[in-house]
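A quick write-up on the structure given underneath.
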Amino acid sequence: MRTHIYGARVIDPASGMDRTCELFIEAGKLMAFDQAPPGFIAEQSIDASGLIAAPGLVDLSVALREPGYSRKGNIASETLAAAAGGVTSLCCPPETKPVLDTPAVAELILDRACEAGHAKVYPIGAFSKGLAGEQLAELVALRDTGCVAFGNGLANFASSRVLCRAMEYAATFNLTLVIHSQDADLAADGHAHDGATASFRGLAGIPETAETVALARNLLLVEQTGVRAHFTQLTSAKGAKMIAHAQSRGLPVSADVALYQLLLTDEA
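One point on numbering: in our numbering, the residue at position 224 of the sequence shown is 209, and numbering is uninterrupted.
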């Protein structure tokens, strides 16, 4: 089908485009901007005034619920919801049941995603067996099956020494780690950001240091081992500054912030 979209604000980070223009699409592919290609006759026209047209978005952490939690949803339903929101590629964390620590589980997820066909799915394999933080999972086999990175979810490793050795192994095979930095002792029993709002509401607080102490340790281990690491779901401005400083020193690190951390603030 040939489609003419007009009035949309087109944002394309790759080319730096950010302006209102017309789009001409044929058979699901963008054929031209502004001016229709020769012989192009639109079968449908869409007024996209006030809307944004952009390349498909990427979500770095989507719980697909399958396997193990299908009462909440499944790969077909979650990828359909992602596509409806403009997300065409997504990474799924390893907290499935069974844990995504074997090629069989990775293959199941990839097969179901291929059958659904709504969005591209990139599994994040478990860094340790059962996410227990004691023994490494089958990292190379998981990589060869299709896992793009490895993480331990919200669980911590048994010790800094074990984590260091695990990072060294990952660096040897040029694997990417996804790390959630939170000191379990400092965050224990906390429900909200530690501050006036938590106190007023009678909620146990989680101090900023729960993130920054763990983040400082992990950045030092990244520097020592040379592993490539992505720090996920940062919660504090100080944490973001620590990542920026590490990047300025040449460490192979990146980071993201969960959307709810930007919306559900103390002020809200």
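Yeah, the Cβ is synthetic: ideal placement off N, Cα and C, and Gly gets one too. Predicted model only: the values in this text are computed from it and were never measured.
Exercise. Would Ala67 pass as a contact of Asp44 if the rule is Cβ separation under 8 Å?
Worked result: yes
For this session: Pull up the DSSP beta-bridge partners for Pro108, would you.
Result: Cys77
Exercise. The beta strand (DSSP E) spanning Glu7 covers which residue range?
Worked result: 2 to 11
Problem set entry | According to DSSP, residues forming a beta bridge with Arg(-6) | Thr5, Ile37
For this session: Measure the C-alpha to C-alpha separation of Ala243 and Cys6 and round it to an integer number of angstroms.
Result: 31 Å
Problem set entry | contact_flag[the stretch 156 to 170, the stretch 204 to 224] where n(CB pairs < 8 Å) is 3 or more | yes
Problem set entry | 8 Å Cβ cutoff, Thr5 in contact with chain C | Protein chain content of the structure displayed is limited to a single chain, and chain C is not contained in it.
Exercise. Looking at C-alpha atoms only, which residue of Arg4, Ala(-7), Ala17 is the closest neighbour of Arg(-13)?
Worked result: Ala17
Problem set entry | Chain-order list of residues whose beta-carbon lies under 6 Å from that of Tyr(-9) (same chain, five-residue window excluded) | Glu7
Exercise. Would you call Ala189 buried or exposed, if buried means 16 or more other Cβ atoms sit within 10 Å of its Cβ?
Worked result: exposed
Problem set entry | For Phe18: DSSP bridge partner residues | Leu8
Exercise. Just to confirm, are Leu42 and Val(-5) a CB contact at a threshold of 8 Å?
Worked result: no
Exercise. Distance, Cα to Cα, Val132 vs Ala155?
Worked result: Val is not the amino acid found at residue 132; the sequence shown has Cys there. Computed Cα separation, rounded: 13 Å.
For this session: Measure the beta-carbon distance from Lys82 to Tyr107 and round it to whole angstroms, keeping in mind my assumption that it falls under 8 Å.
Result: Incorrect: roughly 20 Å between the Cβ atoms, too far for contact.
For this session: Within 10 angstroms of the Cβ of Arg128, are there 16 or more other Cβ atoms? Answer buried if so, exposed if not.
Result: buried
Problem set entry | C-beta contact flag for Gly110 and Asp86 at 8 Å | yes
Exercise. In terms of alpha-carbon separation, which member of Gly187, Gly224, Val212, Ala253 lies closest to Gly235?
Worked result: Val212
Problem set entry | Assigned secondary structure, Gly131 (DSSP; H/G/I helix, E/B strand, else coil) | coil
Problem set entry | Phe135 versus Asp3 - alpha carbon distance | 34 Å
Problem set entry | Rounded straight-line distance, which links the Cα of Asn203 to that of Ser145 | 9 Å
Exercise. Which residues mark the beginning and the end of the beta strand (DSSP E) in which Gln218 is found?
Worked result: 213 to 219
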